[in-house]
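Novice: Start counting the sequence shown at 1; every next residue gets the next number (the numbering used here).
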Amino acid sequence: MNDENTSEKNDEPASDFIRAIIERDRAAGKHGGTVATRFPPEPNGYLHIGHAKSICLNFGLARQYGGRCHLRFDDTNPSKESVEYADAIIRDVQWLGWDWGEHLYYASDYFDRMYECATELIRRGKAYVCELNTEAFKEYRGVPTRPGRESPGRQRSEVDNLDLFQRMRAGEFEEGRYVLRARIDMASPNLHMRDPVIYRIKKAAHHRTGTRWTLYPMYDFAHCLSDSFEGITHSVCTLEFEVHRPLYDWILDALELHRPQQIEFARLNLTYTVMSKRKLLELVESGVADGWDDPRLPTLCGLRRRGYTPASIRDFCRRIGVTKFDGYTDVALLEHCVREELNRTAPRAMAVLDPLKVVIENWPEDRVEELEAVNNPEDAAAGTRTVPFARELYIERGDFMENPPKKFFRLAPGREVRLRYGYFIRCREAIKDPETGRIVELRCTYDPETRGGHAPDGRKVRGTIHWVSASHAHRARVRLYDRLFTAERPDDIAEGEDWKHSLNPDSRTETEVLMEPSLARALPGDRFQFERLGYFFADPVESKPGAPVFNRIVSLKGKAPS
Ligand code: ATP
Ligand code: MG
Numbered sequence: 001m002n003d004e005n006t007s008e009k010n011d012e013p014a015s016d017f018i019r020a021i022i023e024r025d026r027a028a029g030k031h032g033g034t035v036a037t038r039f040p041p042e043p044n045g046y047l048h049i050g051h052a053k054s055i056c057l058n059f060g061l062a063r064q065y066g067g068r069c070h071l072r073f074d075d076t077n078p079s080k081e082s083v084e085y086a087d088a089i090i091r092d093v094q095w096l097g098w099d100w101g102e103h104l105y106y107a108s109d110y111f112d113r114m115y116e117c118a119t120e121l122i123r124r125g126k127a128y129v130c131e132l133n134t135e136a137f138k139e140y141r142g143v144p145t146r147p148g149r150e151s152p153g154r155q156r157s158e159v160d161n162l163d164l165f166q167r168m169r170a171g172e173f174e175e176g177r178y179v180l181r182a183r184i185d186m187a188s189p190n191l192h193m194r195d196p197v198i199y200r201i202k203k204a205a206h207h208r209t210g211t212r213w214t215l216y217p218m219y220d221f222a223h224c225l226s227d228s229f230e231g232i233t234h235s236v237c238t239l240e241f242e243v244h245r246p247l248y249d250w251i252l253d254a255l256e257l258h259r260p261q262q263i264e265f266a267r268l269n270l271t272y273t274v275m276s277k278r279k280l281l282e283l284v285e286s287g288v289a290d291g292w293d294d295p296r297l298p299t300l301c302g303l304r305r306r307g308y309t310p311a312s313i314r315d316f317c318r319r320i321g322v323t324k325f326d327g328y329t330d331v332a333l334l335e336h337c338v339r340e341e342l343n344r345t346a347p348r349a350m351a352v353l354d355p356l357k358v359v360i361e362n363w364p365e366d367r368v369e370e371l372e373a374v375n376n377p378e379d380a381a382a383g384t385r386t387v388p389f390a391r392e393l394y395i396e397r398g399d400f401m402e403n404p405p406k407k408f409f410r411l412a413p414g415r416e417v418r419l420r421y422g423y424f425i426r427c428r429e430a431i432k433d434p435e436t437g438r439i440v441e442l443r444c445t446y447d448p449e450t451r452g453g454h455a456p457d458g459r460k461v462r463g464t465i466h467w468v469s470a471s472h473a474h475r476a477r478v479r480l481y482d483r484l485f486t487a488e489r490p491d492d493i494a495e496g497e498d499w500k501h502s503l504n505p506d507s508r509t510e511t512e513v514l515m516e517p518s519l520a521r522a523l524p525g526d527r528f529q530f531e532r533l534g535y536f537f538a539d540p541v542e543s544k545p546g547a548p549v550f551n552r553i554v555s556l557k558g559k560a561p562s
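1. Distance check for residue 307 and residue 80, CA to CA, integer angstroms please.
2. Would you mind sorting residue 529 into buried or exposed? The rule is 16 or more other CB atoms within 10 Å of its CB.
3. In chain order, what residues of the same chain have a beta carbon less than 7 Å from the beta carbon of residue 253, not counting five sequence neighbours either side?
4. So residue 490 packs on residue 502, CB below 8 Å; how close in whole Å?
5. Do you know how far the Cα of residue 474 is from the Cα of residue 18?
6. Give the list of continuous alpha helix (DSSP H) stretches no shorter than 4 residues that lie fully inside the region 92–131.
7. So residue 379 and residue 344 are supposed to be a Cβ contact under 8 Å. How far apart are they, rounded?
8. What separation, rounded to the nearest whole angstrom, lies between the Cα atoms of residue 408 and residue 374?
9. Let me check you understand the geometry: is the CB of residue 282 closer than 8 Å to at least one non-hydrogen atom of the ligand ATP?
10. Take the Cβ of residue 543 as the centre, count every other Cβ of all protein chains shown within 10 Å, and call the residue buried at 16 or more, exposed below.
11. Suppose contacts are defined by Cβ-Cβ distances below 9 Å. Is residue 338 in contact with residue 535 by that definition?
12. When we look at the beta-carbon of residue 450 and count the other beta-carbons within 10 Å, is it buried (16 or more) or exposed?
13. Just curious, the alpha helix (DSSP H) that residue 475 is in, first and last residue?
14. Name the residue from 250, 538 and 495 whose alpha carbon lies nearest to the alpha carbon of residue 552.
15. In angstroms, rounded to a whole number, what distance separates the CA positions of residue 187 and residue 150?
16. Does the Cβ of residue 238 lie closer than 8 Å to at least one heavy atom of the ligand ATP?
17. Of the residues 132, 123 and 180, which one's Cα is nearest the Cα of residue 159?
18. Taking C-beta to C-beta, are residue 22 and residue 71 nearer than 9 Å?
19. What I want to know is whether the C-beta of residue 286 ends up closer than 8 Å to one or more non-hydrogen atoms of the ligand ATP.
20. Would you tell me roughly how many angstroms separate the C-alpha atoms of residue 320 and residue 334, rounded to the nearest one?
21. Is DSSP giving residue 5 helix, strand or coil here?
22. Counting Cβ pairs closer than 8 Å, one from the region 265–285 and one from the region 22–34, do we hit at least three?
23. Take residue 140 as the anchor and find which of 88, 85 and 196 has the nearest alpha-carbon.
24. Spell out a yes or no on whether the region 385–399 and the region 458–472 are touching, meaning 3 or more CB-CB pairs, one atom from each, closer than 8 Å.
25. Report yes if the C-beta distance between residue 192 and residue 220 is below 9 Å; otherwise report no.
26. May I ask you to report which of helix, strand or coil DSSP gives residue 333?
27. My parser needs the beta strand (DSSP E) runs of 3 or more residues fully inside the region 368–445; what are they?
28. Shortest alpha-carbon distance to residue 206 belongs to which of 232, 255, 184 and 108?
29. Using 8 Å as the cut-off, classify the Cβ of residue 275 as near or not near the heavy atoms of the ligand ATP, replying yes or no.
30. Is residue 135 near the ligand ATP, in the sense that its beta carbon is under 8 Å from a heavy atom of that ligand?
31. Could you check if residue 260 belongs to the surroundings of the ligand ATP, using beta carbon to heavy atom distance under 8 Å?
32. Once the 5 residues before and after residue 305 are set aside, which same chain residues still bring their CB inside 6 Å of it?
33. Please go through the same chain and pick out, in chain order, the residues whose beta-carbon is closer than 6 Å to the beta-carbon of residue 505, but skip the five residues on each side of it.
34. Residues in the same chain with beta-carbon distance under 7 Å from residue 277, minus the five sequence neighbours each way, listed in chain order, please.
35. How is the alpha helix (DSSP H) around residue 162 delimited, first residue to last?
36. Mapping DSSP to helix, strand and coil, what is residue 184?
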């Protein structure tokens with residue numbers, strides 16, 4: 001772990017079915033008792049919170065059992081991949097706090113060995129060159145309930161197959177003319193076993209190997225071989241690969257290579273968002289999102305920009321655990337994790353989002369009092385600061401009601417409320433704009449005996465509200481975020497419906513806050529709890545020292561005044 005919060009180090013997840021398998025293997029002395037896992041992203045997009053589940057699982061297993069976890073780029077499809085994506089993935093895994101040490105690998109580094117393996121399969125009579133076009137290929141493959149038909153290529157001699165495969169490599173044929181197929185079983189009920197394609201011609205430059213290759217291995221071929229070459233012991237992947245497992249095993253057995261154990265778990269789905277790379281790319285390219293790091297996206301760079309901490313994401317991944325059952329996780333759990341951490345660590349401050357002026361009539365015109373405020377009630381070491389109190393203040397408009405219902409315990413005409421770290425004030429009158437009727441100012445009085453928030457006569461007030469001194473307040477831009485989609489499961493749509501129809505038009509609100517003076521000193525990347533409003537992050541890109549721009553990470557639990 002390379003980040004500030006390592007307290008969870010001794011807080012490994014509860015056991016689960018994967019840990020049970022690994023513990024059984026270790027007890028039996030399998031793989032010499034070692035554990036080697038990997039996280040194998042394809043560099044064709046940015047990582048999201050679902051990937052974090054897989055990252056924390058794989059790296060977490062390696063840490064827990066004293067093994068190693070590789071970061072391996074599964075870069076076998078050059079037309080969709082790029083260095084930009086690979087660099088971003090490296091940054092995100094590091095930010096999450098994981099360290100692969102010397103074990104950074106690229107499937108493309110194995111292209112020669114993979115080509116050799118394919119040739120070896122041909123020699124063993126277990127692969128052949130097939131000339132069927134896409135349409136015929138599908139037609140010959142058949143459907144699960146009926147056996148497929150054999151491709152004419154299946155009968156080709158070893159010599160002819162080797163010759164054609166070598167000429168495919170030499171770039172002699174155009175894309176689609178031939179593919180290399182594993183020779184398995186055209187009657188298998190599992191379509192992945194009906195002589196799957198393992199190599200295809202693709203005349204695209206690769207971001208690492210340039211134009212050296214004109215044919216590339218398919219995922220199913222490249223993946224198991226990469227795992228095997230690297231001595232992976234437990235190849236942990238998501239459930240959709242369960243049906244690929246027989247092929248994974250078949251290829252390695254056919255070549256008599258080390259065979260890791262593939263174990264599948266349920267992917268993470270999160271409510272009110274989408275996680276498919278294709279959909280995220282569409283949101284970015286269409287301008288719905290302001291780039292991959294838009295704080296509303298579930299991408300790791302978006303969560304980082306929003307203000308989420310790596311420790312809170314790891315904590316989330318630990319709490320969701322791993323199972324074999326597909327389901328949705330409530331985004332509220334993720335929010336809970338970051339609240340819980342920031343409640344411990346974030347300094348408090350006062351800021352007002354929707355200001356309503358308060359004039360304290362019995363407070364002398366130019367008197368300013370510095371009141372002591374606690375920086376973090378959860379952390380005594382955080383100390384105190386002072387906040388200026390003066391005759392004119394701002395409170396939150398929502399903390400006043402002209403005709404309050406019974407359960408409203410904040411300010412109303414004739415009612416008394418406590419100002420946080422300050423005095424009790426009582427509202428005498430609400431002044432309205434004569435034209436619009438909108439309340440523009442409250443005239444109040446304060447009780448000088450209540451400094452520090454207690455009345456010597458023991459009288460109680462039910463409400464405590466936050467405030468800032470009008471003449472001392474600093475202004476800052478702030479962005480409030482809501483869910484990106486209004487639908488709980490935006491992926492569950494009816495046939496023909498656009499998955500974007502449930503995009504929330506109000507997922508972002510830009511406004512201004514009036515802040516206590518100490519907040520003007522916030523540095524880019526600082527996090528605060530604005531009392532009663534939530535946790536805020538000084539945007540690392542747009543903030544300047546002395547001029548912060550804030551993103552709301554998450555509101556406080558319960559009802560905020562706005
Ligand atoms: P693609 O459709 O491009 O394959 P992908 O999200 O599966 O998208 P990969 O780069 O292949 O992208 O993913 C890397 C690893 O992360 C894989 O092992 C994959 O199983 C895992 N992964 C991807 N999405 C999730 C998810 N939502 N929850 C858990 N693991 C995931
Ligand atoms: Mg994938």
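We put the CB at the ideal spot given by N, CA and C, even for glycine.
Since the structure is predicted, the reported quantities are computational estimates derived from the model, not experimental observations.
Specialist: If we stick to the structure as given:
1. 30 Å
2. buried
3. So the qualifying residues of the chain are 259.
4. 5 Å
5. Each residue's Cα considered, the two are about 53 Å apart.
6. 111–123
7. 7 Å
8. 26 Å
9. no
10. buried
11. A contact, by the Cβ cut-off of 9 Å.
12. buried
13. Following the DSSP letters along the chain, one finds residue 475 in no alpha helix (DSSP H) but inside the beta strand (DSSP E) bounded by residues 474–481.
14. The candidate whose alpha carbon is nearest that of residue 552 is 538.
15. 9 Å
16. yes
17. The candidate whose alpha carbon is nearest that of residue 159 is 123.
18. no
19. Outside the cutoff, so no.
20. 10 Å
21. Reliability fails at residue 5, whose pLDDT of 44 lies under 50, so the model's placement of it is uncertain and the value that follows must be treated cautiously. Here residue 5 sits in coil by DSSP.
22. no
23. Measuring from the Cα of residue 140, the nearest candidate turns out to be 196.
24. yes
25. Yes, the Cβ-Cβ distance between residue 192 and residue 220 is below 9 Å.
26. helix
27. 369–374, 384–389, 392–396, 416–419 and 424–432
28. 108
29. Placement of the Cβ of residue 275 at a distance of less than 8 Å from at least one heavy atom of the ligand ATP is found.
30. Outside the cutoff, so no.
31. no
32. 293 and 295
33. So no residue of the chain qualifies.
34. 44 and 45
35. 158–169
36. coil
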